[in-house]
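Engineer: The working numbering puts the sequence shown at residues 3 to 486. Mind looking over this structure? Questions follow.
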Amino acid sequence: MVPSLAEKCGVFGVYAPEEDVARLTFFGLYSLQHRGQESAGIATTDGERPHLYAQMGLVSQVFNEEVLASLPGRAAVGHTRYSTTGSSVEENAQPILAEGDAGWVAVSHNGNVVNADLLRAELEGEGASFRSSSDTEVITELLVRAPGASWEERIAHVMRRLNGAYSLTILTQDAVFAVRDPLGVRPLAIGRLAHGSSGGWVFASESCALDHLGAEFVREIEPGEIVRVDEAGLRATQAVPPRRRSLCMLEYIYFARPDSRLGGELVHPVRMEMGARLAEEHPVEADLVVGVPDSAIAAAIGYARASGIPYGEALIKNRYVGRTFIHPDQLLRERGVWLKFNPLPELLRGKRVVVVDDSIVRATTTPRVVAMLRRAGATEVHMRITSPPITHPCFYGVDMATRSELIAAHESVEGIRRHIDADSLGYLSVEGTVAATRQGRDGLCTACFTGDYPGAVPLQFDKFVLESGGARDRHAVPLTSAAP
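Below, the structure is given as C-alpha coordinates:
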(Lines of atoms letter the chains of each structure in order from A; the text may use other names.)
(Lines give C-alpha, C1' and ligand atoms only; values in the text may rest on other atoms or scores of the structure.)
Protein backbone atom coordinates (compact mmCIF):
# COMPACT_ATOMS: atom_id res chain seq x y z
CA MET A 3 0.00 0.00 0.00
CA VAL A 4 2.57 2.57 1.19
CA PRO A 5 1.00 5.87 0.10
CA SER A 6 4.03 7.81 1.28
CA LEU A 7 6.61 6.01 -0.82
CA ALA A 8 7.01 6.61 -4.53
CA GLU A 9 9.49 5.32 -7.04
CA LYS A 10 11.28 7.73 -9.24
CA CYS A 11 10.57 6.22 -12.67
CA GLY A 12 10.61 3.42 -15.15
CA VAL A 13 13.05 3.57 -18.07
CA PHE A 14 13.05 1.66 -21.35
CA GLY A 15 15.20 1.42 -24.45
CA VAL A 16 15.07 -0.60 -27.65
CA TYR A 17 17.18 -1.05 -30.78
CA ALA A 18 15.24 -2.96 -33.44
CA PRO A 19 15.56 -1.54 -36.99
CA GLU A 20 12.87 -3.80 -38.42
CA GLU A 21 10.32 -3.19 -35.68
CA ASP A 22 7.89 -0.41 -34.78
CA VAL A 23 10.09 0.82 -31.94
CA ALA A 24 7.63 3.48 -30.73
CA ARG A 25 4.94 0.83 -30.31
CA LEU A 26 7.36 -1.53 -28.53
CA THR A 27 8.34 1.30 -26.21
CA PHE A 28 4.69 2.12 -25.51
CA PHE A 29 4.00 -1.44 -24.36
CA GLY A 30 7.27 -1.55 -22.43
CA LEU A 31 6.31 1.62 -20.55
CA TYR A 32 2.81 0.27 -20.01
CA SER A 33 4.41 -2.68 -18.19
CA LEU A 34 6.40 -0.24 -16.03
CA GLN A 35 3.47 2.06 -15.23
CA HIS A 36 3.58 0.97 -11.57
CA ARG A 37 6.87 2.83 -11.23
CA GLY A 38 5.38 6.24 -11.96
CA GLN A 39 2.11 7.79 -13.08
CA GLU A 40 2.85 11.50 -13.47
CA SER A 41 4.16 11.70 -17.03
CA ALA A 42 5.34 9.56 -19.92
CA GLY A 43 7.49 10.09 -22.98
CA ILE A 44 9.17 8.42 -25.94
CA ALA A 45 12.10 9.56 -28.09
CA THR A 46 13.06 7.81 -31.34
CA THR A 47 15.76 8.15 -33.97
CA ASP A 48 15.55 7.43 -37.68
CA GLY A 49 19.35 7.47 -37.96
CA GLU A 50 19.50 11.21 -38.48
CA ARG A 51 17.22 13.28 -36.27
CA PRO A 52 15.31 12.70 -33.05
CA HIS A 53 11.55 12.54 -32.63
CA LEU A 54 10.21 13.22 -29.14
CA TYR A 55 6.81 13.25 -27.47
CA ALA A 56 6.36 13.59 -23.70
CA GLN A 57 3.34 14.79 -21.75
CA MET A 58 1.73 14.64 -18.32
CA GLY A 59 -0.46 11.62 -17.59
CA LEU A 60 -0.51 7.85 -17.69
CA VAL A 61 1.06 6.03 -20.62
CA SER A 62 -2.36 5.20 -22.06
CA GLN A 63 -3.41 8.85 -21.76
CA VAL A 64 -0.30 10.33 -23.35
CA PHE A 65 -0.05 8.11 -26.43
CA ASN A 66 -2.49 7.16 -29.17
CA GLU A 67 -2.11 5.79 -32.68
CA GLU A 68 -1.54 9.23 -34.18
CA VAL A 69 1.23 10.08 -31.71
CA LEU A 70 2.97 6.73 -32.14
CA ALA A 71 2.87 7.16 -35.92
CA SER A 72 4.74 10.46 -35.51
CA LEU A 73 7.65 8.65 -33.82
CA PRO A 74 9.45 6.72 -36.60
CA GLY A 75 12.84 5.14 -36.27
CA ARG A 76 15.08 2.19 -35.63
CA ALA A 77 15.68 2.85 -31.91
CA ALA A 78 13.91 4.48 -29.01
CA VAL A 79 14.03 5.28 -25.31
CA GLY A 80 11.05 5.84 -23.06
CA HIS A 81 10.15 6.99 -19.60
CA THR A 82 7.32 6.95 -17.08
CA ARG A 83 7.82 9.32 -14.17
CA TYR A 84 7.20 9.95 -10.54
CA SER A 85 9.07 12.99 -9.33
CA THR A 86 11.74 12.95 -6.64
CA THR A 87 13.73 15.93 -7.94
CA GLY A 88 11.59 18.70 -9.39
CA SER A 89 7.87 19.32 -9.51
CA SER A 90 5.29 17.28 -11.36
CA VAL A 91 5.06 19.59 -14.39
CA GLU A 92 5.29 19.11 -18.15
CA GLU A 93 8.77 20.66 -18.34
CA ASN A 94 10.09 17.78 -16.22
CA ALA A 95 8.57 15.05 -18.39
CA GLN A 96 11.20 12.77 -19.90
CA PRO A 97 13.11 11.80 -22.03
CA ILE A 98 15.14 15.02 -21.93
CA LEU A 99 16.67 16.06 -25.26
CA ALA A 100 19.80 18.21 -25.69
CA GLU A 101 22.35 18.89 -28.42
CA GLY A 102 26.03 19.76 -28.36
CA ASP A 103 29.12 19.68 -30.55
CA ALA A 104 29.14 15.87 -30.54
CA GLY A 105 25.48 15.63 -31.54
CA TRP A 106 22.21 15.15 -29.76
CA VAL A 107 21.14 12.83 -26.93
CA ALA A 108 17.82 11.93 -25.32
CA VAL A 109 18.00 10.67 -21.72
CA SER A 110 15.61 8.72 -19.49
CA HIS A 111 16.57 8.43 -15.84
CA ASN A 112 15.53 6.39 -12.82
CA GLY A 113 17.17 7.45 -9.56
CA ASN A 114 18.36 10.62 -7.90
CA VAL A 115 21.62 12.54 -8.31
CA VAL A 116 22.32 14.11 -4.93
CA ASN A 117 24.94 16.57 -6.20
CA ALA A 118 22.77 17.78 -9.09
CA ASP A 119 22.44 21.28 -7.60
CA LEU A 120 26.22 21.73 -7.49
CA LEU A 121 26.63 20.39 -11.02
CA ARG A 122 23.84 22.62 -12.30
CA ALA A 123 25.44 25.69 -10.73
CA GLU A 124 28.70 24.81 -12.48
CA LEU A 125 26.93 24.36 -15.83
CA GLU A 126 25.07 27.64 -15.44
CA GLY A 127 28.43 29.30 -14.83
CA GLU A 128 29.55 27.91 -18.18
CA GLY A 129 26.53 29.44 -19.91
CA ALA A 130 24.06 26.56 -19.83
CA SER A 131 20.38 27.38 -19.44
CA PHE A 132 17.77 25.01 -18.05
CA ARG A 133 14.07 24.70 -18.83
CA SER A 134 13.28 22.10 -16.17
CA SER A 135 14.01 21.47 -12.49
CA SER A 136 14.96 17.84 -13.04
CA ASP A 137 18.33 16.28 -12.29
CA THR A 138 17.90 14.42 -15.60
CA GLU A 139 18.44 17.66 -17.50
CA VAL A 140 21.66 18.17 -15.54
CA ILE A 141 22.85 14.72 -16.65
CA THR A 142 21.87 15.48 -20.25
CA GLU A 143 23.70 18.81 -20.30
CA LEU A 144 26.78 17.18 -18.83
CA LEU A 145 26.69 14.55 -21.58
CA VAL A 146 26.55 16.98 -24.51
CA ARG A 147 29.40 19.03 -22.99
CA ALA A 148 31.60 16.12 -21.88
CA PRO A 149 35.02 15.52 -23.45
CA GLY A 150 35.71 12.32 -25.33
CA ALA A 151 36.03 10.84 -28.80
CA SER A 152 33.05 8.52 -28.34
CA TRP A 153 29.78 8.49 -26.45
CA GLU A 154 31.16 5.74 -24.21
CA GLU A 155 33.99 8.06 -23.17
CA ARG A 156 31.61 10.96 -22.59
CA ILE A 157 29.19 8.83 -20.57
CA ALA A 158 32.04 7.44 -18.47
CA HIS A 159 33.28 10.97 -17.82
CA VAL A 160 29.82 12.01 -16.60
CA MET A 161 29.48 8.88 -14.45
CA ARG A 162 32.63 9.87 -12.59
CA ARG A 163 31.03 13.20 -11.72
CA LEU A 164 27.62 11.99 -10.56
CA ASN A 165 26.95 11.14 -6.93
CA GLY A 166 23.84 9.12 -6.25
CA ALA A 167 21.66 6.58 -8.01
CA TYR A 168 20.98 6.44 -11.74
CA SER A 169 19.82 3.85 -14.20
CA LEU A 170 19.76 5.50 -17.61
CA THR A 171 18.66 4.72 -21.13
CA ILE A 172 20.33 7.09 -23.59
CA LEU A 173 19.44 7.54 -27.27
CA THR A 174 21.89 8.99 -29.80
CA GLN A 175 21.66 9.31 -33.57
CA ASP A 176 22.58 5.69 -34.21
CA ALA A 177 22.69 3.84 -30.87
CA VAL A 178 20.99 3.13 -27.57
CA PHE A 179 22.93 3.00 -24.31
CA ALA A 180 21.97 1.58 -20.93
CA VAL A 181 23.90 2.81 -17.91
CA ARG A 182 23.83 1.83 -14.24
CA ASP A 183 25.52 3.67 -11.39
CA PRO A 184 28.49 1.98 -9.63
CA LEU A 185 26.32 1.21 -6.58
CA GLY A 186 23.62 -0.52 -8.63
CA VAL A 187 20.86 1.07 -6.55
CA ARG A 188 18.11 0.93 -9.19
CA PRO A 189 17.50 -2.13 -11.38
CA LEU A 190 18.10 -2.33 -15.13
CA ALA A 191 17.78 -5.42 -17.33
CA ILE A 192 18.79 -6.52 -20.84
CA GLY A 193 16.52 -8.54 -23.12
CA ARG A 194 16.77 -10.00 -26.63
CA LEU A 195 13.88 -9.78 -29.07
CA ALA A 196 13.39 -13.07 -30.87
CA HIS A 197 10.79 -12.03 -33.43
CA GLY A 198 11.61 -10.30 -36.70
CA SER A 199 14.27 -11.38 -39.17
CA SER A 200 17.11 -9.84 -37.20
CA GLY A 201 15.56 -9.41 -33.75
CA GLY A 202 16.73 -6.59 -31.55
CA TRP A 203 17.74 -5.60 -28.04
CA VAL A 204 15.70 -4.17 -25.19
CA PHE A 205 16.58 -2.44 -21.90
CA ALA A 206 14.06 -2.02 -19.10
CA SER A 207 13.92 -1.08 -15.43
CA GLU A 208 12.31 -4.45 -14.69
CA SER A 209 12.35 -7.81 -16.42
CA CYS A 210 8.53 -7.97 -16.45
CA ALA A 211 8.57 -5.48 -19.33
CA LEU A 212 10.70 -7.89 -21.35
CA ASP A 213 8.22 -10.70 -20.77
CA HIS A 214 5.34 -8.63 -22.13
CA LEU A 215 7.26 -8.00 -25.36
CA GLY A 216 8.24 -11.62 -25.84
CA ALA A 217 11.87 -10.73 -25.22
CA GLU A 218 14.27 -13.19 -23.64
CA PHE A 219 15.78 -12.00 -20.38
CA VAL A 220 19.56 -12.00 -20.87
CA ARG A 221 20.96 -10.48 -17.68
CA GLU A 222 20.96 -7.45 -15.42
CA ILE A 223 23.30 -4.60 -16.23
CA GLU A 224 26.18 -4.55 -13.77
CA PRO A 225 26.90 -1.58 -11.50
CA GLY A 226 29.18 0.90 -13.26
CA GLU A 227 28.55 -0.67 -16.67
CA ILE A 228 27.72 0.96 -20.00
CA VAL A 229 25.97 -1.25 -22.55
CA ARG A 230 25.71 -0.03 -26.14
CA VAL A 231 23.60 -1.49 -28.93
CA ASP A 232 23.69 -0.38 -32.56
CA GLU A 233 23.93 -1.97 -36.00
CA ALA A 234 27.11 -3.77 -34.91
CA GLY A 235 25.29 -5.49 -32.06
CA LEU A 236 25.60 -5.26 -28.30
CA ARG A 237 28.81 -4.28 -26.50
CA ALA A 238 29.42 -3.79 -22.78
CA THR A 239 32.06 -1.63 -21.07
CA GLN A 240 32.88 -1.53 -17.37
CA ALA A 241 33.17 2.24 -17.37
CA VAL A 242 33.47 2.89 -13.63
CA PRO A 243 34.68 0.38 -11.05
CA PRO A 244 31.70 -1.03 -9.13
CA ARG A 245 31.48 0.09 -5.53
CA ARG A 246 29.66 -1.46 -2.61
CA ARG A 247 26.73 -3.17 -4.36
CA SER A 248 23.60 -1.51 -2.99
CA LEU A 249 20.40 -2.63 -4.71
CA CYS A 250 17.49 -0.87 -3.00
CA MET A 251 15.80 -3.31 -0.59
CA LEU A 252 12.48 -1.53 -1.14
CA GLU A 253 12.51 -2.87 -4.69
CA TYR A 254 12.01 -6.35 -3.22
CA ILE A 255 9.57 -5.22 -0.55
CA TYR A 256 7.34 -2.95 -2.59
CA PHE A 257 8.41 -1.30 -5.82
CA ALA A 258 9.10 -4.10 -8.27
CA ARG A 259 6.33 -6.16 -9.79
CA PRO A 260 6.16 -9.68 -8.32
CA ASP A 261 6.86 -11.18 -11.75
CA SER A 262 10.16 -9.31 -12.11
CA ARG A 263 13.63 -10.68 -11.37
CA LEU A 264 16.06 -8.75 -9.18
CA GLY A 265 19.52 -9.96 -8.33
CA GLY A 266 18.68 -13.27 -9.97
CA GLU A 267 15.62 -13.81 -7.76
CA LEU A 268 11.95 -13.73 -8.75
CA VAL A 269 10.28 -11.14 -6.51
CA HIS A 270 7.10 -13.11 -5.70
CA PRO A 271 8.77 -15.94 -3.74
CA VAL A 272 11.04 -13.42 -2.02
CA ARG A 273 7.95 -11.64 -0.68
CA MET A 274 6.43 -14.94 0.38
CA GLU A 275 9.62 -15.71 2.28
CA MET A 276 9.42 -12.29 3.97
CA GLY A 277 5.92 -13.16 5.13
CA ALA A 278 7.04 -16.56 6.44
CA ARG A 279 9.90 -15.00 8.38
CA LEU A 280 7.52 -12.38 9.74
CA ALA A 281 5.30 -15.18 11.07
CA GLU A 282 8.32 -16.72 12.81
CA GLU A 283 9.46 -13.43 14.33
CA HIS A 284 6.00 -12.16 15.33
CA PRO A 285 3.52 -15.01 15.86
CA VAL A 286 0.02 -14.28 17.14
CA GLU A 287 -3.20 -16.21 17.72
CA ALA A 288 -5.67 -15.19 15.04
CA ASP A 289 -8.41 -16.47 12.74
CA LEU A 290 -7.53 -14.86 9.40
CA VAL A 291 -4.54 -13.42 7.52
CA VAL A 292 -5.27 -10.53 5.16
CA GLY A 293 -2.82 -8.87 2.78
CA VAL A 294 -3.08 -5.21 1.78
CA PRO A 295 -3.26 -5.23 -2.04
CA ASP A 296 -1.19 -5.48 -4.06
CA SER A 297 2.44 -5.68 -2.97
CA ALA A 298 1.74 -7.34 0.40
CA ILE A 299 -0.42 -10.18 -0.97
CA ALA A 300 2.49 -12.58 -1.54
CA ALA A 301 3.87 -11.85 1.93
CA ALA A 302 0.43 -12.43 3.48
CA ILE A 303 0.24 -15.83 1.78
CA GLY A 304 3.69 -16.64 3.13
CA TYR A 305 2.64 -15.55 6.63
CA ALA A 306 -0.50 -17.71 6.45
CA ARG A 307 1.38 -20.81 5.28
CA ALA A 308 4.07 -20.46 7.95
CA SER A 309 1.61 -19.73 10.77
CA GLY A 310 -1.15 -22.16 9.79
CA ILE A 311 -3.71 -19.35 9.96
CA PRO A 312 -6.09 -19.30 6.96
CA TYR A 313 -5.53 -16.64 4.31
CA GLY A 314 -8.46 -14.64 2.98
CA GLU A 315 -8.96 -11.77 0.54
CA ALA A 316 -10.96 -9.52 2.82
CA LEU A 317 -9.73 -6.22 1.36
CA ILE A 318 -10.82 -5.65 -2.24
CA LYS A 319 -8.91 -3.15 -4.31
CA ASN A 320 -10.54 -0.87 -6.85
CA ARG A 321 -8.30 -1.53 -9.84
CA TYR A 322 -9.23 1.76 -11.48
CA VAL A 323 -7.91 3.96 -8.69
CA GLY A 324 -4.24 4.82 -8.94
CA ARG A 325 -1.81 4.45 -6.10
CA THR A 326 -2.71 6.92 -3.40
CA PHE A 327 0.71 8.59 -3.44
CA ILE A 328 0.04 10.14 -6.85
CA HIS A 329 -1.97 12.87 -5.10
CA PRO A 330 0.38 15.59 -3.83
CA ASP A 331 -2.22 16.84 -1.36
CA GLN A 332 -2.34 14.86 1.89
CA LEU A 333 -6.10 15.27 2.21
CA LEU A 334 -6.55 13.68 -1.22
CA ARG A 335 -4.14 10.93 -0.21
CA GLU A 336 -6.30 10.12 2.77
CA ARG A 337 -9.53 10.21 0.79
CA GLY A 338 -7.91 8.01 -1.81
CA VAL A 339 -7.66 5.16 0.67
CA TRP A 340 -11.44 4.96 0.90
CA LEU A 341 -11.74 4.92 -2.88
CA LYS A 342 -9.04 2.29 -3.20
CA PHE A 343 -10.07 -0.42 -0.72
CA ASN A 344 -13.31 -1.96 0.38
CA PRO A 345 -13.52 -4.57 3.18
CA LEU A 346 -15.68 -7.70 3.12
CA PRO A 347 -17.65 -7.73 6.42
CA GLU A 348 -18.83 -11.31 5.88
CA LEU A 349 -15.23 -12.54 6.08
CA LEU A 350 -14.12 -10.17 8.85
CA ARG A 351 -17.02 -10.18 11.27
CA GLY A 352 -16.06 -11.67 14.63
CA LYS A 353 -12.53 -12.52 13.44
CA ARG A 354 -9.12 -11.86 14.92
CA VAL A 355 -7.28 -10.58 11.86
CA VAL A 356 -3.57 -10.41 10.97
CA VAL A 357 -3.06 -7.64 8.42
CA VAL A 358 0.18 -7.87 6.42
CA ASP A 359 1.45 -4.68 4.80
CA ASP A 360 4.79 -3.70 3.32
CA SER A 361 5.68 -0.64 5.41
CA ILE A 362 4.54 2.25 7.56
CA VAL A 363 5.99 5.63 6.65
CA ARG A 364 4.12 8.62 8.09
CA ALA A 365 1.42 6.42 9.63
CA THR A 366 -1.39 8.54 8.22
CA THR A 367 -3.04 5.79 6.17
CA THR A 368 -2.56 2.71 8.36
CA PRO A 369 -4.89 3.96 11.14
CA ARG A 370 -7.65 4.34 8.57
CA VAL A 371 -7.14 0.80 7.31
CA VAL A 372 -7.30 -0.50 10.88
CA ALA A 373 -10.46 1.52 11.54
CA MET A 374 -11.98 0.24 8.29
CA LEU A 375 -11.41 -3.36 9.35
CA ARG A 376 -12.83 -2.77 12.81
CA ARG A 377 -15.97 -1.18 11.34
CA ALA A 378 -16.30 -4.24 9.13
CA GLY A 379 -16.49 -6.42 12.24
CA ALA A 380 -12.92 -7.50 13.05
CA THR A 381 -12.59 -8.04 16.80
CA GLU A 382 -8.78 -7.77 16.79
CA VAL A 383 -6.41 -6.26 14.24
CA HIS A 384 -2.75 -7.31 14.37
CA MET A 385 -0.51 -5.37 11.97
CA ARG A 386 2.52 -7.16 10.53
CA ILE A 387 4.97 -5.23 8.37
CA THR A 388 7.31 -6.93 5.89
CA SER A 389 10.02 -4.30 6.30
CA PRO A 390 11.93 -2.94 9.29
CA PRO A 391 10.87 0.46 10.67
CA ILE A 392 11.73 3.25 8.22
CA THR A 393 13.83 5.70 10.23
CA HIS A 394 15.83 7.61 7.59
CA PRO A 395 14.89 9.35 4.31
CA CYS A 396 16.01 8.05 0.93
CA PHE A 397 18.31 10.12 -1.30
CA TYR A 398 18.49 7.57 -4.12
CA GLY A 399 15.24 7.92 -6.02
CA VAL A 400 12.42 7.28 -3.53
CA ASP A 401 10.13 10.20 -2.76
CA MET A 402 9.56 9.32 0.86
CA ALA A 403 9.51 12.00 3.56
CA THR A 404 11.84 14.08 5.65
CA ARG A 405 13.16 12.40 8.76
CA SER A 406 10.89 14.51 10.96
CA GLU A 407 7.89 13.07 9.07
CA LEU A 408 8.95 9.42 9.49
CA ILE A 409 7.04 8.15 12.50
CA ALA A 410 9.58 5.42 13.30
CA ALA A 411 12.34 8.02 13.55
CA HIS A 412 10.83 9.44 16.72
CA GLU A 413 8.34 6.84 17.99
CA SER A 414 8.85 3.39 19.48
CA VAL A 415 7.08 0.37 18.03
CA GLU A 416 4.66 0.53 20.95
CA GLY A 417 4.03 4.21 20.28
CA ILE A 418 3.29 3.46 16.64
CA ARG A 419 0.96 0.63 17.67
CA ARG A 420 -1.03 3.04 19.83
CA HIS A 421 -1.09 5.62 17.05
CA ILE A 422 -2.52 3.20 14.47
CA ASP A 423 -4.84 1.62 17.07
CA ALA A 424 -3.75 -1.96 16.36
CA ASP A 425 -3.93 -4.74 18.94
CA SER A 426 -0.31 -5.62 18.15
CA LEU A 427 2.37 -4.51 15.73
CA GLY A 428 5.38 -6.41 14.43
CA TYR A 429 8.05 -5.41 11.92
CA LEU A 430 10.30 -7.85 10.09
CA SER A 431 13.88 -7.45 11.26
CA VAL A 432 16.63 -6.15 8.99
CA GLU A 433 18.27 -9.58 9.22
CA GLY A 434 15.04 -11.34 8.27
CA THR A 435 14.38 -9.02 5.35
CA VAL A 436 17.92 -9.37 3.98
CA ALA A 437 17.86 -13.15 4.36
CA ALA A 438 14.62 -13.38 2.35
CA THR A 439 16.24 -11.61 -0.62
CA ARG A 440 19.20 -14.04 -0.68
CA GLN A 441 21.45 -11.13 -1.60
CA GLY A 442 23.45 -10.70 1.59
CA ARG A 443 23.76 -7.52 3.63
CA ASP A 444 26.65 -6.27 1.46
CA GLY A 445 24.52 -6.48 -1.69
CA LEU A 446 21.65 -4.24 -0.57
CA CYS A 447 21.00 -0.65 0.38
CA THR A 448 19.31 -0.66 3.80
CA ALA A 449 19.84 3.04 4.49
CA CYS A 450 16.19 3.92 5.12
CA PHE A 451 16.14 1.31 7.91
CA THR A 452 19.64 1.72 9.32
CA GLY A 453 20.99 5.13 8.29
CA ASP A 454 23.94 3.34 6.68
CA TYR A 455 24.09 5.16 3.34
CA PRO A 456 26.34 3.63 0.68
CA GLY A 457 27.63 7.05 -0.38
CA ALA A 458 27.75 10.69 0.66
CA VAL A 459 24.29 12.24 1.02
CA PRO A 460 22.93 15.72 1.84
CA LEU A 461 22.23 16.59 5.44
CA GLN A 462 18.64 17.21 4.40
CA PHE A 463 16.46 16.35 1.41
CA ASP A 464 14.78 18.94 -0.80
CA LYS A 465 13.15 17.63 -3.97
CA PHE A 466 12.64 21.22 -5.18
CA VAL A 467 16.29 22.23 -4.88
CA LEU A 468 16.50 22.82 -8.66
CA GLU A 469 13.28 24.84 -8.92
CA SER A 470 13.84 28.03 -10.92
CA GLY A 471 13.42 31.23 -9.01
CA GLY A 472 14.07 29.57 -5.67
CA ALA A 473 16.61 30.75 -3.16
CA ARG A 474 19.03 27.94 -3.92
CA ASP A 475 22.13 28.24 -1.75
CA ARG A 476 24.22 25.31 -2.98
CA HIS A 477 26.22 25.32 0.23
CA ALA A 478 23.19 25.18 2.52
CA VAL A 479 22.77 21.43 1.99
CA PRO A 480 26.27 19.99 2.38
CA LEU A 481 27.10 16.37 1.78
CA THR A 482 27.81 14.11 4.69
CA SER A 483 29.81 10.90 4.47
CA ALA A 484 28.12 7.55 4.50
CA ALA A 485 27.99 5.73 7.78
CA PRO A 486 30.97 3.40 8.28
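From the three backbone atoms N, C-alpha and C, an ideal C-beta is built for every residue, glycine too.
1. Helix, strand or coil for R246? Go by DSSP, reduced to three states.
2. Between F179 and H384, what straight-line distance do the alpha-carbon atoms span, to the nearest angstrom?
3. In or out: Q240 buried (at least 16 other Cβ within 10 Å) or exposed?
4. Reducing DSSP to helix, strand and coil, say where M251 ends up.
5. Contact check, S169 vs V13 under 8 Å by CB: the rounded distance?
6. Looking at C-beta atoms only, is the number of pairs between the region 347–366 and the region 380–395 that lie closer than 8 Å three or more?
7. Do R147 and L185 have their C-beta atoms within less than 8 Å of each other?
8. From what residue to what residue does the alpha helix (DSSP H) around H270 run?
9. The ligand ATP and V272: does the residue's C-beta get closer than 7 Å to at least one heavy atom of that ligand?
10. Decide if R162 is buried, meaning its Cβ has at least 16 other Cβ atoms within 10 Å, or exposed.
11. Per DSSP, which residues does L532 bridge with? Please list them.
12. Can you give the beta carbon distance from P369 to H421, rounded, assuming they're within the 8 Å contact cut?
13. Please state the DSSP three-state secondary structure of Q63.
14. Can you give the Cα-Cα distance for G129 and V294, rounded to whole angstroms?
15. If the criterion is Cβ atoms closer than 8 Å, does the pair N165 and S136 meet it?
16. Measuring only the C-alpha atoms, how far is V23 from F205?
17. State the beta-bridge partners of N114 as determined by DSSP.
18. Would you mind sorting A56 into buried or exposed? The rule is 16 or more other CB atoms within 10 Å of its CB.
19. Less than 8 Å separating the beta-carbons of Y1 and A278?
20. Counting beta carbon pairs with one atom in the region 37–54 and one in the region 74–86, are three or more of them shorter than 8 Å?
21. Can you tell me which of G226, G43, R83 puts its alpha carbon nearest to the alpha carbon of D401?
Structural biologist: In brief:
1. Shown here, R246 sits in coil according to DSSP, grouped into three states, outside any helix or strand.
2. If you take the alpha carbons of F179 and H384, they lie about 48 Å apart.
3. Exposed.
4. In the three-state DSSP reduction, M251 falls in the helix class (H, G or I).
5. Contact annotation, S169 with V13: C-beta distance approximately 6 Å; criterion of less than 8 Å satisfied.
6. Yes, they touch.
7. No, these two residues do not count as a Cβ contact at 8 Å.
8. Membership of H270 in the alpha helix (DSSP H) is indicated by the continuous run 269–283.
9. As for the ligand ATP, it is missing from this structure, which has no ligand bound.
10. With fewer than 16 Cβ atoms within 10 Å of its Cβ, R162 is classed as exposed.
11. Outside the modelled stretch of the chain, which goes from 3 to 486, sits residue 532, for which no answer is possible.
12. Yes, P369 and H421 are in contact; Cβ-Cβ is about 7 Å, under 8 Å.
13. Correct three-state label for Q63: helix.
14. Approximately 50 Å, taken between the alpha carbons.
15. No, they are not a contact pair.
16. Those two C-alpha atoms are separated by around 12 Å.
17. In DSSP, N114 forms a bridge with A167.
18. Taking all protein chains in view, the Cβ of A56 is crowded by 16 or more other Cβ atoms within 10 Å, so the residue is classified as buried.
19. Past the boundaries of the shown model lies residue 1; the chain is included only from 3 to 486, so the question cannot be answered.
20. Inter-segment contact for the region 74–86 and the region 37–54 is present: three or more beta-carbon pairs are separated by less than 8 Å.
21. Comparing Cα positions, the closest option is R83.
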